[in-house]
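Each step along the sequence shown adds one to the number in UniProt numbering, with nothing skipped, and position 47 is 47. Report on the structure given below.
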Amino acid sequence: MQHNYWIYLFIMFAVTYLVRVLPLVVFKKKITNRFVRSFLTYIPYAVLAAMTFPAVFFAVDCIPAAAAGVVAGVIAALAGGSLFTVAISANAVVYVLLLIL
């Protein structure tokens, strides 16, 4: 069985292009409904969180260290830390716990 990768590439291109262009073609007017606008505003954050959060626990072999890193990151974020501070604190906690455990 011979695989033609150009066909696969074209299908992926077409699907990606349709997903991005279809809303522009269908919705020509500005969306005025407050609920729909707020829903569309928060979709990227929800999708990013849904994709990222489970991966955090499987990035290392020690799930307790990963959980402690998440807790440290949440605490740093709630304390008002920048994105860099949150990332460094979470990574530092995971690194130290991996050295200990």
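The C-beta atom is built at its ideal place from N, Cα and C for all residues, glycine as well. Values in this document were obtained by computation on a predicted structure and should not be read as measured data.
If I follow the unbroken alpha helix (DSSP H) through Q68, where does it start and stop?
Looking at the sequence shown, residue 68 is not Gln but Ala. Per DSSP, A68 belongs to the alpha helix (DSSP H) from 63-78.
Can you tell me where the alpha helix (DSSP H) with A92 in it begins and where it stops?
83-100
Inter-residue CB distance, N33 and G69 (contact presumed, cutoff 8 angstroms)
Actually they are not in contact, since the Cβ atoms of N33 and G69 sit about 40 angstroms apart, beyond 8 angstroms.
Starting from F39, follow the alpha helix (DSSP H) in both directions and report where the run begins and ends.
34-57
Buried or exposed: where does G73 fall if 16 or more other Cβ atoms within 10 Å of its Cβ makes it buried?
buried
For V86, count the other beta carbons within 10 Å of its own beta carbon; 16 or more makes it buried, fewer makes it exposed. Which is it?
buried
Assign F10 to one of three DSSP states: helix, strand, or coil.
helix
Y95 versus P64, K28, A50, residue with shortest Cα-Cα distance
P64
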